[in-house]
Amino acid sequence: MDSSLLDLFPPILGASLLQNPQVLFALRVLGVLLPAFLGIYLMLPRGGRDSHVVRLFGGALVTLSFVLLVTFPLSSSEGAVDGSQGTALWGLDNTLECYTFHALAFVSVACAVMMITSRNPVYSAIWFAMVLLSNSGLYLLQQAEFLAAATIIVYAGAIVVTFLFVIMLAQPNGAARYDRFSREGLLSAVTGLLLSGVLIAAIHLVSRTEGRAPVADAAARPAGSVVAIQAAANPTSLLPDGKNPNAAHVAGLGKSLFRDHVVSVEITGLLLLAAVVGAMLIAGHRIEESHVRK
Amino acid sequence: MSGNDAMLNNYLVVGALLFALGAVGFLTRRNLIVMFLCAELMLQGVSTTLVGFSGYHGTWGGQVTAIFSLALAAAEAGVALALFVVLFKRGYSLDVSIWQDLREEDQPPVEAETAAEDTPQPAEKIWPQLTPSGRLPGWKPASTPESAEPVAVASGVEGGPTHG
Chain Z
1 MDSSLLDLFP PILGASLLQN PQVLFALRVL GVLLPAFLGI YLMLPRGGRD SHVVRLFGGA
61 LVTLSFVLLV TFPLSSSEGA VDGSQGTALW GLDNTLECYT FHALAFVSVA CAVMMITSRN
121 PVYSAIWFAM VLLSNSGLYL LQQAEFLAAA TIIVYAGAIV VTFLFVIMLA QPNGAARYDR
181 FSREGLLSAV TGLLLSGVLI AAIHLVSRTE GRAPVADAAA RPAGSVVAIQ AAANPTSLLP
241 DGKNPNAAHV AGLGKSLFRD HVVSVEITGL LLLAAVVGAM LIAGHRIEES HVRK
Chain C
295 MSGNDAMLNN YLVVGALLFA LGAVGFLTRR NLIVMFLCAE LMLQGVSTTL VGFSGYHGTW
355 GGQVTAIFSL ALAAAEAGVA LALFVVLFKR GYSLDVSIWQ DLREEDQPPV EAETAAEDTP
415 QPAEKIWPQL TPSGRLPGWK PASTPESAEP VAVASGVEGG PTHG
């Protein structure tokens, strides 16, 4: 058993549980995320008892939590485990990429919150479109141009179809009971708090304890790593070098897609065909009057 | 910790947050369409994670997997919307709670509604009515005129303007 793994999972019954820096770190993450999910609970539809003031307060709590998450040094006061500064933890250096990332990430998460808390399904679809747009911006920051375009194109169609369904089937302005009441809002918010807190704490703890080397740089790539072996085996799987502005991005993606993953592409085509046939089979036939339940 | 590493962490955190928010929405909303959108939001979180790993490792693998998840989301959307059409034809509602008897028979029902029935349903339509101006054909006079009066009014309301 690796010793770093033992550090990650300390014995529960140990008296030094609260002195463990990793447990403290996870507790801090949970504390930073607590206002966000409290605010989400306040913003969820709860019948006739919700007001605009409560919703605004919930939104303020979510924003506060996001600002805390970005600016708060989550490492302990004695310094982080690996000795790095607290602010460097979130990559807050003075580059344009960093500011763009944080703006897009804030828009994405805030629109996601608005999406899951709005009463009107039309507004939910619009907020989801905003999430998609900001996510496409995030993809562009990571050299995923084709994926950004494909996300907008594919999901624009999906959003339009969702609009169509909302107009056909749903009731506007939260007139339906099932839009005005949420089910087990407090328990759901606690679930989200624990899920996101544990995920975020695990992400940071693993990156600290492992001490990952930057593998995107070809020169600094460790010799025995998976990426190095993969690069030696099939060079089409590598992103073009960022220093070369003339490198073909989307052509490289096409090469990787149709050389390294050609069987997966075929299987995905089969899956789409099966979905189309299944959708026609499910929705295509009439419902007898005796099967309609009131 | 290098800047590249921190940027990977940021992408993973955004992906985790989107996933958790989608999970919260999926657990707590009752509209079928909104639940479907929340599932798509969870897929978006996973795609963000994959793209972050792709940029970190410098390979196309993450982006290719994200493209496959995009195709998967499209297939899921087709089947899910077809299911919504069928369920709406059968129940005339997008509420998931009316389908809870699809579970095993000995399960207790989920009380999704809270006790507050405070918000009014849309009021029933009030159609214009004509004042009944005579008695119905075939109406027999009751024994006493006091009891005959409400009966005549009630039958006039029920019959509507047909005898007016």
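Protein sequence lines, in the order shown, are assigned to chains Z and C.
Quick note, the first sequence lines up with residues 1 to 294 if you use the numbering used here.
Quick note, the second sequence lines up with residues 295 to 458 if you use the numbering used here.
The beta carbon of each residue, even a glycine, is placed where N, CA and C say it ideally should be.
6 Å Cβ shell around residue i - same chain, five flanking residues per side excluded
i, result
"Pro45 of chain Z", "Arg119, Arg180 and Ser182"
"Glu145 of chain Z", "His249"
"Met130 of chain Z", "Cys111"
Alpha-carbon to alpha-carbon, residue j and residue i
i, j, result
"Leu295 of chain Z", "Thr353 of chain C", "Outside the shown range of chain Z, which is 1 to 294, sits residue 295 of chain Z, and nothing can be said about it."
"Phe128 of chain Z", "Tyr139 of chain Z", "16 Å"
"Leu18 of chain Z", "Val206 of chain Z", "19 Å"
"Arg286 of chain Z", "Phe378 of chain C", "14 Å"
"Phe66 of chain Z", "Gly319 of chain C", "19 Å"
"Ala60 of chain Z", "Met115 of chain Z", "16 Å"
"Gly356 of chain C", "Gly192 of chain Z", "25 Å"
"Ala448 of chain C", "Phe57 of chain Z", "Below a pLDDT of 50, predicted positions are generally treated as unreliable, and Ala448 of chain C, at 47, falls in that range; the measurement from the model is reported next regardless. Using only the alpha carbons, I get a separation of about 53 Å."
"Gln394 of chain C", "Lys383 of chain C", "17 Å"
"Leu375 of chain C", "Phe101 of chain Z", "34 Å"
"Leu64 of chain Z", "Val54 of chain Z", "15 Å"
"Ala368 of chain C", "Ala202 of chain Z", "31 Å"
"Ala317 of chain C", "Met280 of chain Z", "29 Å"
"Arg28 of chain Z", "Ile200 of chain Z", "11 Å"
"Gly428 of chain C", "Ile420 of chain C", "22 Å"
"Phe330 of chain C", "Ala371 of chain C", "8 Å"
"Leu396 of chain C", "Ala333 of chain C", "21 Å"
"Ile282 of chain Z", "Ala170 of chain Z", "20 Å"
"Gly31 of chain Z", "Lys255 of chain Z", "46 Å"
"Arg278 of chain Z", "Glu266 of chain Z", "The question names Arg, yet the displayed sequence has Gly at residue 278 of chain Z. Answer to the nearest angstrom: the Cα atoms are 18 Å apart."
"Pro35 of chain Z", "Ala112 of chain Z", "16 Å"
"Arg236 of chain C", "Leu388 of chain C", "An answer regarding residue 236 of chain C cannot be provided, because it is not within the stretch 295 to 458 covered by chain C."
"His204 of chain Z", "Ser136 of chain Z", "24 Å"
"Asn304 of chain C", "Pro402 of chain C", "43 Å"
"Leu147 of chain Z", "Phe37 of chain Z", "30 Å"
"Ala176 of chain Z", "Val160 of chain Z", "22 Å"
"Pro21 of chain Z", "Gly39 of chain Z", "28 Å"
"Ala232 of chain Z", "Ala103 of chain Z", "38 Å"
Near the ligand GDP: residue i beta-carbon under 7 Å from a heavy atom
i, result
"Gly47 of chain Z", "In the structure on display, the ligand GDP does not appear, and there are no ligands present to speak of."
Same chain, Cβ closer than 8 Å to residue i, neighbours up to 5 away in sequence not counted
i, result
"Phe163 of chain Z", "Val122 and Ala125"
"Ile392 of chain C", "Gly385"
"Ile327 of chain C", "Phe378 and Leu388"
"Gly197 of chain Z", "Ala26, Val29, Leu30 and Leu33"
"Leu302 of chain C", "Gly346, Phe347, Gly349 and Tyr350"
"Val166 of chain Z", "Pro121, Val122 and Ala125"
Bounding residues of the alpha helix (DSSP H) (the contiguous stretch that carries residue i)
i, result
"Asp275 of chain C", "Since the first and last residues shown for chain C are 295 and 458, residue 275 of chain C lies out of range."
"Gln143 of chain Z", "No alpha helix (DSSP H) holds Gln143 of chain Z; DSSP gives it neither H nor E."
"Ile282 of chain Z", "Val262 to Ala283"
"Asp179 of chain Z", "Arg177 to Arg180"
"Glu97 of chain Z", "Leu96 to Thr117"
"Pro35 of chain Z", "Pro21 to Met43"
"Arg55 of chain Z", "His52 to Thr71"
"Gln338 of chain C", "Leu326 to His351"
"Gly254 of chain Z", "His249 to Lys255"
Close Cβ partners of residue i (< 7 Å) along its chain, the five nearest in sequence each way excluded
i, result
"Leu132 of chain Z", "Thr151, Ile152 and Tyr155"
"Ser84 of chain Z", "Below a pLDDT of 50, predicted positions are generally treated as unreliable, and Ser84 of chain Z, at 41, falls in that range; the measurement from the model is reported next regardless. For Ser84 of chain Z, where only same-chain residues beyond five positions count, there are no Cβ hits under 7 Å."
"Tyr41 of chain Z", "Gly185, Leu186 and Ala189"
"Leu141 of chain Z", "Glu97, Thr100 and Phe101"
"Phe106 of chain Z", "Phe66"
"Val262 of chain Z", "none"
"Ala360 of chain C", "Ser341, Leu344 and Val345"
Residue i: contacting residues in chain D (beta-carbon distance under 9 Å)
i, result
"Thr151 of chain Z", "The structure shown contains no chain D; its protein chains are Z and C."
Should the stretch 269-276 of chain Z be regarded as contacting the stretch 305-314 of chain C, the criterion being three or more beta carbon pairs within less than 8 Å?
no
Mind checking the stretch 317-328 of chain C against chain Z and listing, in chain order, the residues whose C-beta falls within less than 8 Å of any C-beta there?
Ala317, Val318, Gly319, Leu321, Thr322, Arg323, Arg324, Asn325, Ile327 and Val328
What residues from the stretch 362-385 of chain C come within 8 Å of chain Z, judged by C-beta to C-beta, listed N to C?
Phe362, Leu364, Ala365, Leu366, Ala367, Ala368, Ala369, Glu370, Ala371, Gly372, Val373, Leu375, Ala376, Leu377, Phe378, Val379, Val380, Phe382, Lys383, Arg384 and Gly385
Going along the chain, which residues of the stretch 260-280 of chain Z sit with their C-beta nearer than 7 Å to a C-beta in chain C?
His261, Ser264, Thr268, Leu271, Leu272, Ala275, Val276, Gly278 and Ala279
Using a Cβ-Cβ cut-off of less than 9 Å, give me the residues of the stretch 299-313 of chain C that come near chain Z, in sequence order.
Asp299, Ala300, Met301, Leu302, Asn303, Asn304, Tyr305, Leu306, Val307, Val308, Gly309, Ala310, Leu311, Leu312 and Phe313
Taking any Cβ of chain Z, which residues in the stretch 339-350 of chain C have a Cβ under 8 Å from it, in chain order?
Here the close residues are Ser341, Thr342, Val345, Gly346, Ser348, Gly349 and Tyr350.
Flag this pair as touching only if the stretch 299-310 of chain C and the stretch 335-346 of chain C have three or more C-beta atom pairs under 8 Å; answer yes or no.
With a cut-off of 8 Å, the stretch 335-346 of chain C and the stretch 299-310 of chain C count as touching, because enough Cβ pairs lie within range.
Check each residue of the stretch 102-124 of chain Z: if its Cβ is closer than 9 Å to any Cβ of chain C, include it; give the result in chain order.
Result list: His102, Leu104, Ala105, Ser108, Val109, Ala112, Val113, Met115, Ile116, Thr117, Ser118, Pro121 and Ser124.
Selection of the stretch 179-200 of chain Z by Cβ proximity to chain C, strictly under 7 Å:
Look at the stretch 179-200 of chain Z: the residues with a C-beta under 7 Å from a C-beta of chain C are Asp179, Arg180, Phe181, Ser182, Arg183, Glu184, Gly185, Ser188, Ala189, Thr191, Gly192, Leu195, Ser196, Leu199 and Ile200.
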